[in-house]
Amino acid sequence: MLKFDPKSGTFALKVTGFSAQGGTLRVTTDRFVIRSDELTWSEEAGRFVARTPNVQIIVSTDGRTVSAVVENTGTVPFTISEIAVVFFPPKSFSPPLHCKEHLQYVHHLSCNSAGVRLVGRKTVWSEGDERSYMVTVFHHPHTGDSLLIGSLPPSQTLSGVDVLHSAGHREGDFGFSLVAECQAEIQPG
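Residue numbers for the sequence shown follow the numbering used here, beginning at 9 and rising by one.
Written out as structure tokens, the structure reads:
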């Protein structure tokens, strides 16, 4: 279950084997970066809305899916480069997710290089740190716990999952971020 808390501007994930607190939404543009935990949120018509002087963000979730809308309420266009719809760093998980204990199904842009590997581990077909597009699965083979993350239509973006590591060697703990690659200019209004 994925829940958004408008008081803190953060997400909580509660799935067997994958529990996290403090996940954020992050919008990166050519002019600014916005984080959901730095905004004031209100609930309107079953959605969560935050307003800044130039941007309105709307988050919707039904517990299993999440969507985000970014609107330009200012007078100058801006270009969104990326939206991290849900950003859960390694420290947000309790208990921690250990790379050596989890497998990941990775789906690259080319289906020729899709496959399963230990989280963060380099293989013949994978560098170990690239984005998994459209769908990924994290699996703990000893407990059987699995988490499927994917993007559903309709979407005007290319979506993927980045693994976030606690250390550069990619052998410690991990979290993840669901990312929408936008590259879209947002006009006022």
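Just so it is clear, CB atoms sit at the ideal spot from N, CA and C, and this is done for glycine as well.
(request) Check whether the Cβ atoms of C190 and S89 lie closer than 8 Å to each other. (result) Indexing the sequence shown from 1 puts residue 190 at position 182. Indexing the sequence shown from 1 puts residue 89 at position 81. Yes, these two residues count as a Cβ contact at 8 Å.
(request) If I'm right that P104 touches D181 with Cβ under 8 Å, what's the distance once you round it to whole angstroms? (result) In the sequence shown, residue 104 corresponds to position 96, counting from 1. In the sequence shown, residue 181 corresponds to position 173, counting from 1. Approximately 4 Å separates the beta-carbon atoms of P104 and D181; this is inside 8 Å, confirming the contact.
(message) Using only CA atoms, which one of H173, I194 and N80 lies nearest to F101?
(response) Reading the sequence shown from its first residue, position 93 is the one you call residue 101. Nearest option by C-alpha distance: H173.
(request) Please name the residue in R59, G128, R43 and L186 whose C-alpha comes closest to that of T81. (result) Counting from 1 along the sequence shown, the entry for residue 81 is found at position 73. Closest by C-alpha distance to T81, out of R59, G128, R43 and L186, is R59.
(message) Using C-beta distances below 6 Å, list every residue in its chain close to V67, excluding the 5 sequence neighbours before and after it, in chain order.
(response) Position 59 of the sequence shown, counted from the first residue, corresponds to residue 67. Excluding sequence neighbours, V67 sits near F12, F56 and A76.
(message) Taking the alpha carbon of H148 as the reference point, which residue from G123, I157 and Q112 has its own alpha carbon closest?
(response) For the purposes of this step, residue 148 is taken as the residue at position 140 of the sequence shown. A check of alpha carbon separations from H148 across G123, I157 and Q112 identifies Q112 as the nearest.
(request) Measure the alpha-carbon distance for S154 versus V84 and round it to whole angstroms. (result) In the sequence shown, residue 154 corresponds to position 146, counting from 1. In the sequence shown, residue 84 corresponds to position 76, counting from 1. Note on geometry: alpha-carbon atoms of S154 and V84 lie some 44 Å from one another.
(message) Measuring straight from C-alpha to C-alpha, what distance separates K99 and T32?
(response) One-based indexing of the sequence shown puts residue 99 at position 91. One-based indexing of the sequence shown puts residue 32 at position 24. K99 and T32 have their C-alpha atoms some 13 Å from each other.
(request) Per DSSP, which residues does W49 bridge with? Please list them. (result) Taking the first residue of the sequence shown as position 1, residue 49 is located at position 41. Bridge pairing for W49: A58 [DSSP].
(request) Return helix, strand or coil for S89, following the three-state DSSP convention. (result) Mapped onto the sequence shown, residue 89 falls at position 81. Strand.
(request) Measure the C-alpha to C-alpha separation of T144 and T73 and round it to an integer number of angstroms. (result) Walking along the sequence shown from the start, residue 144 turns up at place 136. Walking along the sequence shown from the start, residue 73 turns up at place 65. Answer to the nearest angstrom: the Cα atoms are 15 Å apart.
(request) Mark V169 as exposed unless 16 or more other C-beta atoms lie within 10 angstroms of its C-beta, in which case mark it buried. (result) The sequence position of residue 169 within the sequence shown is 161, counting from 1. Taking a 10 Å sphere around the C-beta of V169, we find 16 or more other C-beta atoms and assign the residue as buried.
(request) Go ahead and label H177 buried or exposed: buried means 16 or more other beta carbons lie within 10 angstroms of its beta carbon, across all protein chains shown. (result) As a working note, residue 177 is residue 169 in the sequence shown. Exposed, by the Cβ-count rule.
(message) I'd like to confirm the pairing. Which residues does DSSP put opposite S140 in its beta bridges?
(response) In the sequence shown, the residue the question calls residue 140 occupies position 132. Residue pairing by DSSP places S140 opposite V169 in a beta bridge.
(request) For G54, I'd like the list of residues in its chain whose CB is within less than 8 Å of its CB, leaving aside the five on either flank, ordered along the chain. (result) Along the sequence shown, read from residue 1 onward, the residue named residue 54 stands at position 46. If we look at G54 and ignore the five residues flanking it on each side, its Cβ neighbours are S68.
(request) Apply the 10 Å Cβ neighbour rule to F146 and answer buried if 16 or more other Cβ atoms are within range, or exposed otherwise. (result) Looking up residue 146 in the sequence shown gives position 138. Classification for F146: buried.
(request) Could you give the DSSP three-state label for K130: helix, strand or coil? (result) Numbered from its first residue, the sequence shown carries residue 130 at position 122. Note: K130 maps to coil in three-state DSSP.
(message) Just to confirm my understanding: we take G30, look at its own chain, exclude 5 residues before and 5 after, and list those with CB closer than 7 Å. What are they?
(response) Stepping through the sequence shown from its first residue, residue 30 is reached at position 22. In chain order, T18 and S100 place their CB closer than 7 Å to the CB of G30, counting only its own chain and leaving out the 5 sequence neighbours on each side.
(request) Identify whether E109 lies in helix, strand or coil by the three-state DSSP scheme. (result) As a working mapping, residue 109 is identified with position 101 in the sequence shown. When secondary structure is reduced to three states using DSSP, E109 falls in the helix class.
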